[in-house]
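Trainee: In this note's numbering, the protein residues as written are 548 to 711. We treat Cβ as the ideally placed atom computed from N, Cα and C, and that holds for glycine. Fair warning: this is a prediction, and the values are worked out from it, not measured in the lab. Sending over a structure as structure tokens; questions will come in a sec.
This is the structure we're talking about:
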């Protein structure tokens, strides 16, 4: 038992988290409305940090074909900039020996292997954790779920461990 601190800039999303936690009987969930690029938490204070980053969402096309019309290639650079900002701030919150997880429901290079390469060049003191096994497939230091292989939405995950 630990405490989950859910941070989102959108109060509506936090309401969904709070209702889901209550429905599941989870008492140790704290919802904080804040910009994830400016976390209101002390540095190195969390054992685990998950960045479920806003992304182009192109990994969900299998289920939501209309998603292809909601976002264009011109939006990806702005999303990548946001993802880098979120990861930078999240990394500062990870305690020594803790883990940082970056997850997106997209398959664009810029938001997957591009972010992984950026993380290794810019986030000091972190090492990759071996990616999960089947049905995940290695993609650089991270892993990807290919929809045609896994029968799921497309996703990317990168797990990093802060040196103790």
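(1) Assuming contact is defined by CB atoms lying nearer than 9 Å, are residue 658 and residue 585 in contact in what I supplied?
(2) Using the Cβ count rule (16 or more neighbours within 10 Å means buried), how would you classify residue 573?
(3) Please confirm if residue 658 has its CB atom under 9 Å from at least one CB of chain D.
(4) Terminal residues of the continuous beta strand (DSSP E) containing residue 690?
(5) Do residue 675 and residue 708 have their CB atoms nearer than 9 Å?
(6) Can you grab the Cα-Cα spacing for the pair residue 594 / residue 690, in whole Å?
(7) Quick one: give me the first and last residue of the beta strand (DSSP E) that residue 660 is part of.
(8) Taking the C-alpha atoms as reference points, what is the distance between residue 706 and residue 613?
(9) Report the start-end ranges of each alpha helix (DSSP H) in the stretch 620-657 that is 4 residues or longer and not cut off at the edges.
(10) Whose C-alpha, out of 642, 701, 647, 570, is nearest the C-alpha of residue 598?
(11) Helix, strand or coil: how does DSSP classify residue 570 here?
(12) Nearest to residue 592 by alpha carbon, out of 628, 643, 557, 633?
(13) Report all residues from its chain with a CB closer than 6 Å to the CB of residue 651; omit the five preceding and five following residues, and keep chain order.
(14) What does DSSP give as the partner residue(s) for residue 577 in the beta ladder?
(15) Among 604, 664, 697, which has the Cα closest to the Cα of residue 623?
(16) Quick check: the Cα distance between residue 656 and residue 620, rounded to an integer number of angstroms?
(17) Name, in chain order, the residues that DSSP records as bridge partners for residue 598.
Mentor: On the basis of the supplied data:
(1) Not closer than 9 Å, so no.
(2) Under the 10 Å beta carbon count, residue 573 is surrounded by fewer than 16 other beta carbons and is classified as exposed.
(3) Given the protein chain composition of this structure (a single chain), no chain D is represented.
(4) Taken as a continuous stretch (DSSP letters only), the beta strand (DSSP E) holding residue 690 covers 689-692.
(5) Taking 9 Å as the Cβ cut-off, residue 675 and residue 708 qualify as a contacting pair.
(6) Using only the alpha carbons, I get a separation of about 22 Å.
(7) Secondary structure note for residue 660: it is in no beta strand (DSSP E), and the uninterrupted alpha helix (DSSP H) holding it is 660-669.
(8) So the two alpha carbons sit approximately 30 Å from each other.
(9) Listed in chain order, the alpha helix (DSSP H) elements of length 4 or more contained wholly in the stretch 620-657 are 623-640.
(10) Comparing Cα-Cα distances from residue 598 to each of 642, 701, 647, 570, the minimum goes to 647.
(11) Looking at residue 570 - three-state DSSP - the assignment turns out to be helix.
(12) Selected option, being the one with the closest Cα: 643.
(13) For residue 651, the CB contacts under 6 Å within the same chain, skipping 5 residues up- and downstream, are 600, 602, 658, 703 in chain order.
(14) Answer is 552, bridged to residue 577.
(15) Put simply, of 604, 664, 697 the residue whose alpha carbon is nearest the alpha carbon of residue 623 is 604.
(16) Cα to Cα, residue 656 sits roughly 12 Å from residue 620.
(17) Per DSSP, 649.
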